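A.B. asks: Quick note on numbering: my numbering labels position 118 of the sequence shown as 123, and the sequence is numbered without any gaps.
Virtual Cβ for every residue (Gly too), placed ideally from N, Cα, C.
Computed from a predicted structure; not experimentally measured.
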Amino acid sequence: MSWLMRRTAPLINGLAGQLFHLPFLRGSSSRHRAAMRLFRWAAEQGNRNALSTYGHLLHFRGEDVSSRIQGGIYLERAANLGDAKAQYQMGRIYEQGFEHYFRPDPVKALAYYRLAGEQNHPLAVKRMIAVYDEGALGAAIDPARAECWRKRLSPLPEAAIRT
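(1) Can you check the segment 49-73 for any beta strand (DSSP E) of at least 3 residues that lies completely inside it and give the ranges in chain order?
(2) Checking 7 Å against the spacing of the C-beta atoms, do P143 and A114 come in under that value?
(3) Taking the alpha carbon of L128 as the reference point, which residue from V112, P109, E104, W154 has its own alpha carbon closest?
(4) Name the two residues that bound the continuous alpha helix (DSSP H) containing I1.
(5) Kindly indicate which residue of Y106, D110, Q92 has the alpha-carbon position closest to the one of E100.
(6) Specify whether the segment 52-64 and the segment 82-89 touch according to this definition: at least 3 beta carbon pairs, one from each stretch, less than 8 Å apart.
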């Protein structure tokens, strides 16, 4: 049964995304709750995209601290499964810290930024450049490494760099 559930999780995640972005009944709390339930179900099945989306929604738009912490947990699971957006967000969370659950940890922050940057996440690449230009997150100033990250940034589309 769990095999079938894992196989249907991407479909449920896609359905949740479509429901979430429908222009029909915009602002409807019942539509929002239904979409969030679908995202949660897909995330609980281990779907990386659902973990990332649901975690992002909970962490950055959650109504209370426990929801935001739970969102961070989902984001961390997605990041550990290789989701570049979640890796970048976990870098931010570990850089700044959040409540008592995610304590500031420059080593983890740098590791997550690096993972996202290696997948060409534009904001992570920009952060890695700043890390080696400024010597942030416990890294030494290293112009050669900063230049290597700058070379990754140049082929990225300009619109992606600004977001």
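C.D. replies: Let me lay it out:
(1) Taken in chain order, the complete beta strand (DSSP E) segments of 3 or more residues contained in the segment 49-73 number zero; there are none.
(2) Residue 143 sits at position 138 when you count from the first residue of the sequence shown. Residue 114 sits at position 109 when you count from the first residue of the sequence shown. The amino acid at residue 143 is misidentified as Pro; the sequence shows Gly. Contact: no.
(3) Residue numbering aside, residue 128 sits at position 123 when the sequence shown is read from its first letter. Comparing Cα-Cα distances from L128 to each of V112, P109, E104, W154, the minimum goes to W154.
(4) In the structure displayed, the chain extends from 6 to 168; residue 1 sits before or after that span and is not available.
(5) Numbered from 1 along the sequence shown, position 95 holds the residue referred to as residue 100. Nearest C-alpha to E100: D110.
(6) Between the segment 52-64 and the segment 82-89 there are three or more inter-stretch CB-CB distances shorter than 8 Å, so the stretches are counted as touching.
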